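Visitor:
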Amino acid sequence: MREIARVCQYIQDNFSRVTAPFLTVHGTADGVTCPSSSKLLYEKASSEDKSLKIYEGMYHSLIQGEPDENADIVLKDMREWIDERVERYGS
Numbered sequence: 001m002r003e004i005a006r007v008c009q010y011i012q013d014n015f016s017r018v019t020a021p022f023l024t025v026h027g028t029a030d031g032v033t034c035p036s037s038s039k040l041l042y043e044k045a046s047s048e049d050k051s052l053k054i055y056e057g058m059y060h061s062l063i064q065g066e067p068d069e070n071a072d073i074v075l076k077d078m079r080e081w082i083d084e085r086v087e088r089y090g091s
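Sequential numbering from 1 applies to the sequence shown in full-length UniProt numbering.
1) Pop quiz: D77 and K53 are said to be a contact at Cβ under 8 Å. What is the actual Cβ separation, rounded to whole angstroms?
2) Are D49 and F15 close, meaning C-beta to C-beta below 9 Å?
3) V32 lies in the alpha helix (DSSP H); which residues open and close that run?
4) In whole angstroms, give me the CA-to-CA distance for S38 and L75.
5) Quick check: A29 and M58, are their CB atoms within less than 9 Å of each other?
6) Along the beta strand (DSSP E) that carries L23, what are the first and last residues, could you check?
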């Protein structure tokens, strides 16, 4: 457990070094991690192209364990985000 805490702290301390396109997603009903953690990572990232998507009422695993319609929404959003970056940055 101590190692997990150390790694989490390292990530938080160094997330400002992230400059790549960045997408973070979180459910408001997540009982494992607080949505504010994703907001913090989003704010700390130095990426010029970053996105934060919060899903109302969804839990920790946004794809597995959610009703199919919720998982479909998340997967659609992720695909669209990736497709936009491929179009923007692709060769």
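Note that beta-carbon positions come from the ideal geometry of N, C-alpha and C, so glycine has one too.
All of these numbers come straight from a predicted model, not from anything done at the bench.
Guide: In brief:
1) 6 Å
2) no
3) Looking at the DSSP string, V32 is not in any alpha helix (DSSP H), and its letter there is neither H nor E.
4) 18 Å
5) yes
6) F22 to G27
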